[in-house]
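So the protein sequences, as listed, match chains A and B.
Numbering of the first sequence is given in full-length UniProt numbering, commencing with residue 1 and proceeding in unit increments.
Numbering of the second sequence is given in full-length UniProt numbering, commencing with residue 1 and proceeding in unit increments.
2 protein chains.
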Amino acid sequence: MEQLCPRFEKAMQLFGKRWVGLILYELLNDAKRFSEIEAALPISGRLLSERLKMLEQEGMVERKVYSEFPVRIEYVLTEKGAALQPAIQNIRQWSEHWITQEEVDETIANKE
Amino acid sequence: MEQLCPRFEKAMQLFGKRWVGLILYELLNDAKRFSEIEAALPISGRLLSERLKMLEQEGMVERKVYSEFPVRIEYVLTEKGAALQPAIQNIRQWSEHWITQEEVDETIANKE
DNA sequence: AAACTTAGTTACAAAAAGTAATTAAAGAAA
DNA sequence: TTTCTTTAATTACTTTTTGTAACTAAGTTT
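Structure representation (structure tokens):
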């Protein structure tokens, strides 16, 4: 029986946390502020805050504070975070090939 | 503000479910039976059963029953499931570059 | 029939996530 | 100086998901 690589396991635990993939995706092209990410995704402020803190601790995201009015805080991918771009783009391509409109509709229907 | 693609969102919700990435990874090279996956990952039987059922419903995994003794049930990736191979391999490569041994140790330490 | 094997399921406790109201900080307006 | 805005969180509370461990089902062997 093959042994699971601990680095890969940790990466999967990270990436497999709810919202993490979508948050990283939002930051792929440009830095975003808290409220922008919150508006772009159906995530609550509580969890977004928690996830950004985690991603910062993991060294995947940097938090930048600009002392303007009103205060502007931007989240940017670090090199480590940006290195996930290929994986994220792969999933994006996969979803365009393999997720049908019907499946999307079903998922929405189940929510309501 | 850019609109999030619903197919991609659905894909990320799927992939972002705990254990899904690791289960798919286990099935990448060959079909496996329930007990093999259970032994390879620190997942409980309850969740493994739930996830396999979900992946089957999503058309990513096929459940094959062989009427031997003892009964042998194998889980195989469908074409749809196998199409995630590049994404999974990307995350694997990423983890080898970017997850340090120290990070792995910390994660283990926090568990205990 | 009693025991063994794999593949689950069930009942219950613990952890994570969802929701909505509240707070913090910091400069602007009065 | 007080009060008001604005963004960025945090807190209190409920619901959902996950973890744990014991139990069931179906078929086989003894």
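The beta-carbon is built from N, C-alpha and C at its ideal position, and this holds for glycine as well.
Inter-residue CB distance, residue 29(A) and residue 86(B) (contact presumed, cutoff 8 Å): Between residue 86(B) and residue 29(A) the Cβ distance is about 21 Å, and since that is not below 8 Å, they are no contact.
Pull up the distance between the alpha-carbon of residue 23(A) and that of residue 73(A), whole angstroms please. In this structure, the alpha-carbon of residue 23(A) lies about 16 Å from that of residue 73(A).
Please list the partners that residue 10(A) has in chain B, where partner means a Cβ-to-Cβ separation under 8 Å. In chain order: 95, 99, 103, 104 and 107.
Which residue or residues does DSSP assign as beta-bridge partners of residue 72(B)? Partner residues in the beta bridge of residue 72(B), as assigned by DSSP, are 66(B).
Strictly by DSSP, which residues pair up with residue 77(B)? Its beta-bridge partners are 61(B).
According to the Cβ coordinates, are residue 94(A) and residue 16(B) closer than 8 Å? Going by C-beta atoms, residue 94(A) is not nearer than 8 Å to residue 16(B).
Select from 68(A), 42(A), 76(A) and 109(A) the residue whose C-alpha is nearest the C-alpha of residue 118(A). It is not possible to answer for residue 118(A), since the shown part of chain A is limited to 1 through 112.
Name the residue from 50(A), 3(A), 55(A) and 36(A) whose alpha carbon lies nearest to the alpha carbon of residue 36(B). The residue with the shortest Cα to Cα distance from residue 36(B) is 3(A).
Return yes when the Cβ of residue 99(A) is within less than 8 Å of the Cβ of residue 83(B), no when it is not. It is not a contact, given that the beta carbons lie outside the stated cut-off.
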